[in-house]
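For reference, the structure is listed below as structure tokens.
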Amino acid sequence: MTHAAISVLGAGSYGTALAIALARNGHRTLLWSHRPEQVAALAADRCNRVFLPDALFPDSLELEADLQRAVQASRNLLIVVPSHVFADVLHQVKPFLRPDSRIAWATKGLDPATGNLLQRVAEDVVGPDRPLAVLSGPTFAKELAMGLPTAISLASTDADFARELADLVHCDRSFRVYLNDDMVGLQLGGAVKNVIAIGAGLADGLGFGANARTALITRGLVELQRLGVALGAQQDTFMGMAGLGDLVLTCTDNQSRNRRFGLALGQGSSVDTAMAEIGQVVEGYRNAAEVHQLAGRHGVEMPICEQVYQVLYEGKNAREAAIALLSRDRKAE
Ligand SMILES: NC(=O)c1ccc[n+]([C@@H]2O[C@H](COP(=O)([O-])OP(=O)(O)OC[C@H]3O[C@@H](n4cnc5c(N)ncnc54)[C@H](O)[C@@H]3O)[C@@H](O)[C@H]2O)c1
Ligand SMILES: O=P(O)(O)OC[C@H](O)CO
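Heads up: the sequence shown begins at 0 in numbering that gives the first Met the number 0, then just goes up one per residue.
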């Protein structure tokens, strides 16, 4: 059996960027992709030509096409696949788990079937006793891969896993890790900000200005806090990296696929055209339906998320959605 400090499962832009960051810290890191031909290309090029062509792999980053070998090489697993395949990947991983395996993920989203948190999915698949952890915060893959200064939050069900994973990820020169004890808040922040970012993109695509964008971020934060508190998260979490931090990042910078998706829709593209142009995962598309389901189940009012949902799933015109928000009953802040 080969030994590694950590195995990263999922070689899209973010899985690759995190694997580079871990390997740059000097840790032997395995990066697994479900597509053997992608593994061959990554190994030959020593970079991810498709997503991150300028970030060369450190020597301590190794590619792995065999899931069993990737899972058994390290007790630390970091899953970085889109949320709609998260459960499926966990089911594939399960038979290969070591008795001491610990599972973290940097996926941002909810379970598409139920709207549940990915923690619940993980507990259902691998049982309630395995140490679990989540990484969430304002982290564009490209900047992280280039070693530009970045900060993130980490929460875990297990104090040792939290500390040891933070030690692996943290880099004094470029990657700052904040420990947080709110697993629920970190997961929700990562999912709901995707929906608000689509809303911010829609507003900009319609030609609205900085006032509208900032109002969406501010009221989007309130919606996130409301849902979070209803699900047992701590309100303060949403003033941190996985809340306000990630909302500002994704709502204001065109590196965000969710924001670009909203921009294209606001400028008149169809969902299919906008999605095809981006050519990568746009988590907020599914998250809008999941958040709609979750908010309904918990009786939480989320007017911005609701309007985004109606534009994406009920064919509502984006301008009408904006008017629906502006014409709501006036209320105290
Ligand atoms: N890219 C970023 O900047 C960034 C930052 C923070 C969080 N995230 C989150 O990370 C997750 C992954 O996003 P990404 O940006 O890397 O996506 P991506 O679109 O760049 O790549 C998706 C990758 O997922 C993998 N994949 C797809 N289906 C799979 C399957 N059935 N089994 C195994 N692997 C499969 C493939 O390697 C594919 O390349 C998302 O939840 C996203 O929100 C991304
Ligand atoms: O490109 P996006 O919109 O999926 O955002 C990427 C990250 O989640 C930013 O933190």
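Ideal Cβ positions, reconstructed from N, Cα and C, are used throughout, including at glycine.
Model, not experiment: these values are computed from the prediction.
- When secondary structure is reduced to three states using DSSP, Ser135 falls in the strand class.
- The shortest CA-to-CA distance from Ala144 to any of Tyr308, Ala20 and Ala317 is the one to Ala20.
- Pairing Ala112 with Ala132 gives a Cβ-Cβ distance that is not under 7 Å.
- His33 has its CB nearer than 6 Å to a heavy atom of ligand 1.
- Taking all protein chains shown into account, Pro35 has fewer than 16 neighbouring C-beta atoms within 10 Å of its C-beta and is therefore exposed.
- By the CB criterion at 7 Å, Ala22 and Leu167 fall outside the cutoff.
- Each residue's CA atom was taken as its position, placing Glu63 and Glu319 some 49 Å apart.
- Relative to ligand 1, Thr106 has its C-beta within less than 6 Å of a heavy atom.
- Within the same chain, Cβ atoms closer than 8 Å to the Cβ of Ala317 are found at Leu201, Gly204, Leu205, Leu264, Gly265 and Val310, the five residues on either side in sequence being excluded.
- Secondary structure at Ala10: coil, using DSSP grouped into helix, strand and coil.
- Going by C-alpha positions, Val120 is about 32 Å away from Ser269.
- Counted as a single uninterrupted DSSP element, the beta strand (DSSP E) harbouring Ala154 occupies residues Thr149 to Ser155.
- For Val88, the shortest C-beta to heavy atom distance toward ligand 1 is below 6 Å.
- Judged by DSSP secondary structure, Asn47 falls outside any alpha helix (DSSP H); it is assigned neither H nor E.
- Going by C-alpha positions, His297 is about 8 Å away from Leu226.
- The DSSP-derived three-state label of Glu305 is helix.
- Here DSSP, grouped into helix, strand and coil, assigns Arg34 to coil.
- About 18 Å separates the CB atoms of Ala105 and Leu66; that is not less than 8 Å, and the two are not in contact.
- Separation of the CB atoms of Gln254 and Lys141 is rounded to 7 Å, and the pair is thereby assigned contact status at 8 Å.
- Within the same chain, Cβ atoms closer than 7 Å to the Cβ of Leu60 are found at Ala18, Ile19, Ala22, Thr28 and Leu30, the five residues on either side in sequence being excluded.
- Fully enclosed alpha helix (DSSP H) runs of no fewer than 4 residues occupy 209-229 of the region 186-241, in order along the chain.
- If you check the C-beta of Val191 against ligand 1, you find no heavy atom less than 6 Å away.
- It is roughly 8 Å from the alpha-carbon of Leu41 to the alpha-carbon of Arg48.
- Under the three-state reduction of DSSP, Val176 is assigned to strand.
- In the three-state reduction of the DSSP assignment, Arg129 falls in the coil class, being assigned neither a helical nor a strand state.
- The way I'd put it, the region 169-176 doesn't touch the region 248-262; fewer than three beta-carbon pairs between them come closer than 8 Å.
- Secondary structure at Glu300: coil, using DSSP grouped into helix, strand and coil.
- A direct Cα-to-Cα measurement between Ala43 and Ile78 gives close to 23 Å.
- The region 77-92 and the region 275-294 touch, with three or more beta-carbon pairs separated by less than 8 Å.
- Check the Cα spacing between Asn193 and each of Val125, Asp328 and Asp252: the tightest is with Asp252.
- Ranked by Cα distance from Gly188, the first of Ile151, Asn210 and Asp157 is Ile151.
- Going by DSSP, Leu62 is part of the beta strand (DSSP E) stretching over Leu60 to Glu63.
- Ligand 2 approaches Pro137 closely enough that one of its heavy atoms is under 6 Å from the residue's Cβ.
- Sequence-distant Cβ neighbours of Lys315 in its own chain, meaning closer than 7 Å and more than five residues away, are Gln309.
- In this chain, the beta strand (DSSP E) harbouring Asn75 covers Asn75 to Ile78.
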